[in-house]
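Notes for the one structure printed next.
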Amino acid sequence: MRTLLRNRDFAVLFLGQLCSMFAGSALVIVLAIWVKDLTDSNAAAGLTILAIVAPSVAGPFGAFLVDRVRRRSFLLWTHLAAAVAILPLLAVGPDGPLWLIYLVAFAYGTFALLHRAGLSGLLQVLLPREQLGEANSLLQSVRMAMRLVAPLAGAGVYAGFGGGAVAGMAAVLYVAAAVGLALLRVREERPVREAHGLLSEMAAGARFLRQERDLRLLVLCLGAALLLIGPVETAYFAVIEEGLGRPPSFMGVLLSIEGVGAVVGALSAPWAMRRLGEQGLVAVGMVLLAGATLTLTTGNLGLVVAGSVVFGFGLPWIMIGYSTLLQKRTPRELMGRVAMAAELVLGVPNTVSIAAGALLIAVVDYRILLLVAAVGLLAGGGFLARARTVAAPDPDAIPSPVTAPAPADTVTGMTVSAS
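Quick note on our numbering: the sequence shown kicks off at 145 and runs consecutively.
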């Protein structure tokens, strides 16, 4: 990792992303707590998470844009747009309006979706292929470390000064991240526009996923698991209030505890990935999350805290394994569209699942929802462990589905129901 940080451009990008990650981690928890305080409803708080993940449905449109522009400029302007988009929270008072919080949550979700695809592409330009795993691990470890401080900081600022102060803080941090991107010296070639129709270009990412076996299995397996684990987001408030008898703001404490495990998990991921491969890393991470989810059903503070640490440890293994396999197997010119196609396969079922969770939490015991989620994670991890392979072909040797016409029976979009 020292070699990475001696790379001037990566170091500047890394510092800028510290600001971006802190802003996002603080903002997400505060939006959910804010809605909970205004409505005293677990379902309403769960809808905040739904608003954040809902933009994934429109992922292919964003992917088409990401692959047609230079990634550095794209990320710079999206950070500035995010800073502006959250400022309307300054108008929310003790009585709302509630819809404005949901609108900002949706805008943040849109930014997060575009940011993930753009950052994956920028890393491909900045770094050689063999350093991508370490870069993902370092960024993920810092992202997870934000859970140690950002939720507590965000909840503290919210409790002391209100949600508007959190919005102002996040906006300043996003501007700082944009400045970091402006300082990069990376040279990107102007993207070549393919001589194909709009729909064909947008579907190129889905065609590539269909043809690349390991990526396809990984994305579909994660998507199927996400179809069952969405209600966990909503159930968290029930775990805190009904299971532990704590106020909603205690979520900030649990997320910070989760961050302890996440930092260790992210830092250990490169070592584990060399031994298990990317798919094996994801499989073990899913099994760890299954066990952690079961502890949330106990109502025991010690077990819930221990489960939060394990959950934090397993989550970066999933994300780092997924991101690294995606970057290693995908041609650079398709990175945005393939990333967005994967996000669509993962995001649509997750969105449906979170929406269902927001409705079911009012009529179904939260422990039942958590048990179903644990079973889904365990089954997904087991399937992926059996199906995994170790070989990682060079993406430059893989023909682009944009330049090579798809077979007659090739699908033009992934509509399978699942990050």
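Every residue gets a Cβ at the ideal spot worked out from N, C-alpha and C, and that includes glycine.
Query, Result
"Label LEU149 either buried or exposed according to how many other C-beta atoms from any shown protein chain fall within 10 Å of its C-beta, with 16 as the threshold for buried.", "exposed"
"Answer yes if the region 457 to 474 comes into contact with the region 412 to 428, meaning at least three C-beta pairs across the two stretches below 8 Å, and no otherwise.", "yes"
"Just to confirm, is the Cβ distance from LEU433 to LEU521 under 8 Å?", "yes"
"Could you check what DSSP says for GLY237 in three-state terms: helix, strand or coil?", "strand"
"Let me check understanding here. Comparing Cα to Cα, which of VAL179, ILE177, VAL197, TYR380 lies closest to VAL492?", "VAL197"
"Can you tell me whether DSSP reads GLU356 as helix, strand or coil?", "coil"
"Is the distance from the Cβ of LEU528 to the Cβ of LEU361 below 8 Å?", "yes"
"Taking the straight line between their C-alpha atoms, what separation do you get for PHE88 and GLU385?", "Any property of residue 88 remains undetermined from this structure, which presents the chain solely from 145 to 563."
"How far does the alpha helix (DSSP H) with ASP153 in it extend, from its first residue to its last?", "152 to 183"
"Taking the alpha helix (DSSP H) that LEU231 belongs to, which residues open and close that run?", "It is not in any alpha helix (DSSP H) - LEU231 carries neither H nor E in the DSSP assignment."
"So for ALA309, helix, strand or coil by DSSP?", "helix"
"Assuming GLY265 contacts MET479 (C-beta within less than 8 Å), just tell me the rounded distance between them.", "4 Å"
"Under 8 Å between the Cβ atoms of PRO375 and ILE177?", "no"
"Could you give the DSSP three-state label for PRO537: helix, strand or coil?", "Residue confidence for PRO537 is low, a pLDDT of 46 falling below 50, so the modelled location carries little weight; the figure read from the coordinates is stated next. Looking at PRO537 - three-state DSSP - the assignment turns out to be coil, as it is neither helix nor strand."
"Please classify TRP461 as buried or exposed, where buried requires at least 16 neighbouring CB atoms within 10 angstroms.", "buried"
"Can you check whether the CB of GLY324 is closer than 8 Å to the CB of GLU402?", "no"
"Check this for me: beta carbons of ALA322 and LEU224, under 8 Å apart or not?", "yes"
"So, using beta-carbon positions, are LEU296 and GLY409 closer together than 8 Å?", "no"
"Using alpha carbons as the reference points, say which of LEU175, THR147, ASN444 lies closest to ALA303.", "LEU175"
"Taking DSSP as the reference, what is the three-state secondary structure of LEU149?", "helix"
"Compute the Euclidean distance between the alpha carbons of ARG287 and GLN161, then round it to the nearest angstrom.", "9 Å"
"Are ALA289 and VAL407 closer than 8 Å when you measure CB to CB?", "yes"
"Anyone know if the C-beta pair for LEU359 and LEU490 falls short of 8 Å?", "no"
"Hey, is the region 253 to 261 in contact with the region 437 to 446, meaning 3+ C-beta pairs nearer than 8 Å?", "no"
"What residue range does the alpha helix (DSSP H) around GLN423 cover?", "394 to 439"
"How long is the line joining the alpha carbons of LEU411 and SER281, rounded to whole angstroms?", "6 Å"
"Tell whether a beta-carbon distance below 8 Å holds between ALA189 and PHE381.", "yes"
"Going by alpha carbons, who is nearest to LEU271 out of SER164, ASN151, GLY524?", "ASN151"
"For LEU267, which residues in the same chain have their Cβ closer than 8 Å to its Cβ, ignoring the five residues on either side in sequence?", "LEU276, ALA279, ASN280, GLN471"
"Take the Cβ of LEU98 as the centre, count every other Cβ of all protein chains shown within 10 Å, and call the residue buried at 16 or more, exposed below.", "In the structure as shown, the chain starts at 145 and stops at 563, and residue 98 therefore has no counterpart that could be examined."
"Roughly how many angstroms lie between the CA atoms of ALA235 and CYS163, to the nearest whole one?", "24 Å"
"If we count the other Cβ atoms within 10 Å of its Cβ and call it buried at 16 or more, is ARG215 buried or exposed?", "buried"
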